[in-house]
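Structure, as structure tokens:
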Amino acid sequence: SEFQDYDFLQFLGLEKAPSPHRFQPVPRILRKIIRAREDAAASGASQDLCYVKELGVRGNLLQLLPDQGFFLNTQKPPQDGSCLQKVLYFNLSAIQEKGKLTLAQLTLDLGPRSYYHLRPELVVALSMVKDRGAWGRSHPALGRLLTQLSVPGPQGPLQFNLQGVAKDWNRNRLKNLDLYLEILVKEDRYSGVNVQRENACDRLVRSLHASLLVATLNPKRCHPSSRKRR
Amino acid sequence: AAIPVPKGFCRNLCHRHQLFISFQDLGWHKWVIAPKGFMANYCHGDCPFSMTTYSNSSNYAFMQALMHRVDPKVPKAVCVPTKLSPISMLYQDSDKNVILRHYEDMVVDECGCG
Numbered sequence: 085s086e087f088q089d090y091d092f093l094q095f096l097g098l099e100k101a102p103s104p105h106r107f108q109p110v111p112r113i114l115r116k117i118i119r120a121r122e123d124a125a126a127s128g129a130s131q132d133l134c135y136v137k138e139l140g141v142r143g144n145l146l147q148l149l150p151d152q153g154f155f156l157n158t159q160k161p162p163q164d165g166s167c168l169q170k171v172l173y174f175n176l177s178a179i180q181e182k183g184k185l186t187l188a189q190l191t192l193d194l195g196p197r198s199y200y201h202l203r204p205e206l207v208v209a210l211s212m213v214k215d216r217g218a219w220g221r222s223h224p225a226l227g228r229l230l231t232q233l234s235v236p237g238p239q240g241p242l243q244f245n246l247q248g249v250a251k252d253w254n255r256n257r258l259k260n261l262d263l264y265l266e267i268l269v270k271e272d273r274y275s276g277v278n279v280q281r282e283n284a285c286d287r288l289v290r291s292l293h294a295s296l297l298v299a300t301l302n303p304k305r306c307h308p309s310s311r312k313r314r
Numbered sequence: 005a006a007i008p009v010p011k012g013f014c015r016n017l018c019h020r021h022q023l024f025i026s027f028q029d030l031g032w033h034k035w036v037i038a039p040k041g042f043m044a045n046y047c048h049g050d051c052p053f054s055m056t057t058y059s060n061s062s063n064y065a066f067m068q069a070l071m072h073r074v075d076p077k078v079p080k081a082v083c084v085p086t087k088l089s090p091i092s093m094l095y096q097d098s099d100k101n102v103i104l105r106h107y108e109d110m111v112v113d114e115c116g117c118g
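First to last, the sequence lines map onto chains A and B. The letter at position 41 of the first sequence is residue 125 when you use this note's numbering, and the numbering goes up by one with no holes. The letter at position 58 of the second sequence is residue 62 when you use this note's numbering, and the numbering goes up by one with no holes.
Now the structure itself:
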């Protein structure tokens, strides 16, 4: 008889079979976790799948949310060292498990590592957005500065643990998360050449990829953590 | 696909029957990244009195089999899972989200009379 995959999908917590247009890049951490779990299952080792040891958090569902935000001021040449400004937008209502958020980790991938683009040094500033304003046009009203850090060059992934977001989400089920990202070029009297900055900024606008990895713990699906007796 | 039981095994006795569902057969490989399929094993087979005195059967199965011998109206012990394991699924939904979700007690690893 025809396999009723509808029932199986429902059981898996899905309304219907997803139909993605194309596969999103799967971060290494998720591949590493699923491979470790498949190896453990194949060897018959017992597993606590409500604890994600690779991330050090409890959770029975990991979800990678893509950034759906927009760049600001793309048509103007960069001023006062600013290289790019972007509103990052994550749709938190897409989180499929209605448990407790135990992790919110933002990854900014500045682009592939290469020997050619080692400079210029950058400053990455991340702020909360109080009011996004008109979508895609006006400059948002900024909330508190979450972090500001220097990176040696425009390449490789940066990770930020947004624990505050997790707390807010658990408290009042935010529908979405808006962040304001600004990347500035650190003045460097040796390089000093604007051309390098513009190339770096153009490359960054093309290669920047932001994503938010969230972990949720549904107590109904996860027995309280059986802490090992000391 | 049914995976054959090792030779010389009493087929009618309670044991684990292995069944593999390939996600490719369901057309799910378009959105499930890993694993490639799902072990839908099940327990089936007879639980005669002799069976309940060994393997991983429970004590009450032994008592039930003993009572069945005395009074056939008492049903026999039944073939049930005695060890289960979870699975994790890495898949993509229709909104470009990549999801790693786990499901407890999904795969039957061992069976016994219970």
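C-beta: ideal position from N, C-alpha, C; glycine also.
Measuring C-alpha to C-alpha distances from Asp123(A) to each of Asn16(B), Gly118(B) and Pro90(B) identifies Pro90(B) as the nearest. The beta carbon of Val213(A) lies closer than 8 Å to those of Val171, Pro224, Ala225, Leu226, Gly227, Asp262, Leu263 and Tyr264 in the same chain, with the five residues before and after it left out. Straight through space, the alpha carbons of Gln239(A) and Leu148(A) are spaced by roughly 21 Å. For a cut-off of 8 Å, the C-beta gap from Met67(B) to Ser61(B) is around 11 Å, too long to register as a contact. One alpha carbon belongs to Trp35(B), the other to Leu96(A), and they sit about 14 Å apart. Note on geometry: alpha-carbon atoms of Gln22(B) and Arg73(B) lie some 31 Å from one another.
From the beta-carbon of Phe154(A), no residue of chain B is found nearer than 8 Å; the closest lies around 16 Å away. Interface with chain A (9 Å Cβ-Cβ cutoff): Met67(B) is excluded. In terms of CA proximity to Cys134(A), Leu185(A) leads the group Leu93(A), Leu185(A), Gln169(A) and Arg112(A). The contact set of Pro104(A) on chain B, defined by CB atoms closer than 8 Å, consists of Lys34, Trp35, Gln96, Asp97, Ser98 and Lys100 in chain order. The beta carbon of Ile267(A) sits no closer than 9 Å to any beta carbon of chain B. Per DSSP, the beta bridge partners of Ala188(A) are Val298(A). A straight-line Cα-Cα distance of about 57 Å links Arg15(B) and Pro196(A). Take the alpha-carbon of Phe154(A) and the one of Asp215(A): they are about 15 Å apart. In this chain, the alpha helix (DSSP H) harbouring Lys251(A) covers Gln247 to Asn256. Taking a beta-carbon distance threshold of 9 Å, Val111(B) counts as an interface residue toward chain A. At a cut-off of 9 Å between C-beta atoms, Leu149(A) counts as an interface residue with respect to chain B. Rounded to the nearest whole angstrom, the CA to CA distance from Ala126(A) to His106(B) is 16 Å. As the crow flies, the alpha-carbon of Arg121(A) is around 10 Å from that of Arg115(A). Check the Cα spacing between Asp50(B) and each of Pro79(B), Ser26(B) and Asp29(B): the tightest is with Pro79(B). Ranking Leu176(A), Tyr199(A) and Asn254(A) by CA distance to the CA of Asn260(A) puts Leu176(A) first. Judged by DSSP in its simplified three-state form, Asn16(B) adopts coil rather than helix or strand. In this structure, the CA atom of Ala65(B) is about 25 Å from the CA atom of Glu108(B). For Val74(B), the uninterrupted alpha helix (DSSP H) segment begins and ends at Asn63 to Val74. For the pair of segments examined, the stretch 86–100 of chain B was found to touch the stretch 90–107 of chain A: the number of CB pairs separated by less than 8 Å reaches three.
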